[in-house]
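Below: the structure, in structure tokens.
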Amino acid sequence: MPTFPWKTTLAATAVLGSTAFVFAQASPGMNGPMGMHRQMMSGQMAQGAGDMSQMHKHMMQGKGGMAPETSQGTGKGMPDSMHGASGAPTMPGQDAFGAIQEVVRILSANPATDWSKVNITALRDHLIDMNEVTLHAAASEHILDDSIEIMVTGEGRTLAAIKRMVPAHVKELNDIGWKAETDELPNGVKLTVNASESTPLAKLKALGFMGIMVQGAHHQAHHLMMAKGGFAEH
Ligand SMILES: [Cu+2]
1411 MPTFPWKTTL AATAVLGSTA FVFAQASPGM NGPMGMHRQM MSGQMAQGAG
1461 DMSQMHKHMM QGKGGMAPET SQGTGKGMPD SMHGASGAPT MPGQDAFGAI
1511 QEVVRILSAN PATDWSKVNI TALRDHLIDM NEVTLHAAAS EHILDDSIEI
1561 MVTGEGRTLA AIKRMVPAHV KELNDIGWKA ETDELPNGVK LTVNASESTP
1611 LAKLKALGFM GIMVQGAHHQ AHHLMMAKGG FAEH
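When we follow my numbering, the leftmost residue of the sequence shown carries the number 1411, and every step to the right adds one.
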């Protein structure tokens, strides 16, 4: 399976309804998220609007459960006619909420999930780190002869997130063939990335701190690993 086009696909699937069903049928990834979606869409076809209504109540409560078990809903939600594949809202309202909801659904849809190891709190902690580093860290960039040097600094929770995430990301960068390193600073981390033929200085300058942080193909996969209890951080 190619690397995570499904994140986009999930959104498209939810919006497109019957068109997406055909796409899901054609998808080979039975154990992947598309497999989950196939179950979801098949379930919708087979079980009809009643069960869909139950499932939506669970979704509204953020439980992400696939099985229509005992509903704790008030029964005062939207009428069933509002819950059709084309009329149901899909936006989670908050991006970290949506990322966690997606992972919980993937784990819930997989019978092989080992719930004794699952740790959604670890994923949440990491998403808080991401929020801190993405939105609250200060990044001052200096262009040197053949590299970019970025002082990534912050305080308190932001500082802790910087110290966890930036050095870990350097490993990811080196994995994809970039030459990067970090040095500790009292209030953060110095990130140095060397220019190369494929990543010239002009590109590094244009990317800046966050453009460099989003490099690599495995970020979302790491989230799933984290939720499965695979490792504490990345
Ligand atoms: Cu992340």
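Beta carbons are placed, not taken as given, at the ideal position from N, Cα and C, and that holds for glycine.
Pull up the distance between the alpha-carbon of residue i and that of residue j, whole angstroms please.
i	j	result
Met1542	Gly1626	Contrary to the premise, residue 1542 reads as Glu rather than Met in this sequence. The alpha-carbon atoms of Glu1542 and Gly1626 are separated by roughly 20 Å.
Ile1572	Ile1538	11 Å
Asp1555	Gly1621	20 Å
Asp1593	Ile1560	10 Å
Gly1564	Val1624	19 Å
Asn1529	His1536	11 Å
Ser1550	Ala1612	16 Å
Ser1608	Pro1499	42 Å
Ile1516	Leu1614	35 Å
Val1580	Gly1497	43 Å
Ala1532	Ile1510	11 Å
Ser1557	Lys1600	12 Å
Gly1640	Gln1504	25 Å
Thr1602	Val1514	36 Å
Glu1582	Trp1525	28 Å
Arg1534	His1629	14 Å
Ala1616	Met1635	31 Å
Ala1631	Lys1527	17 Å
Ala1547	Pro1610	25 Å
Ser1606	Ile1586	12 Å
Arg1567	Leu1595	16 Å
Lys1638	Leu1545	26 Å
Phe1433	His1633	Any reading at Phe1433 must be qualified, since the residue scores a pLDDT of 37, below 50, and its modelled position is unreliable; no value is offered.
Please work out which residues of its chain come closer than 6 Å, Cβ to Cβ, to residue i, disregarding the five sequence neighbours upstream and downstream, and give them in chain order.
i	result
Lys1589	Asn1604
Gly1453	Its pLDDT being 37, under 50, Gly1453 is placed unreliably by the model, and the measurement read from it follows with that caveat. Once the five neighbours on either side are set aside, Gly1453 has no close Cβ partner at all.
Asp1575	One detail in the question is off: residue 1575 reads as Met in this sequence, not Asp. So the qualifying residues of the chain are Asp1539 and Val1543.
His1552	Glu1559
Gly1618	Glu1551
Thr1523	Leu1517
Gly1508	Pro1502
Ala1506	Leu1537
Go through its chain and collect everything with a Cβ distance to residue i's Cβ below 8 Å, but skip five positions before and after it.
i	result
Leu1569	Thr1563, Asn1597 and Gly1598
Ala1436	Unreliable positioning characterises Ala1436 in this predicted model, as indicated by a pLDDT of 39, which lies under 50. A coordinate reading is not provided.
Only counting the same chain, and skipping five residues up and downstream in sequence, which positions put a Cβ closer than 7 Å to that of residue i?
i	result
Gly1591	It should be noted that the sequence gives Glu, not Gly, for residue 1591. These residues qualify, in order along the chain: Val1580 and Thr1602.
Asn1584	Ala1590
Hey, does residue i have any beta-carbon neighbour from chain D nearer than 8 Å?
i	result
Met1561	No chain D appears in the structure shown, which is made up of a single protein chain.
**Message:** I'd like the ranges of any beta strand (DSSP E) spanning at least 3 consecutive residues and lying wholly in the segment 1556 to 1601.
**Reply:** 1557 to 1563 and 1589 to 1595
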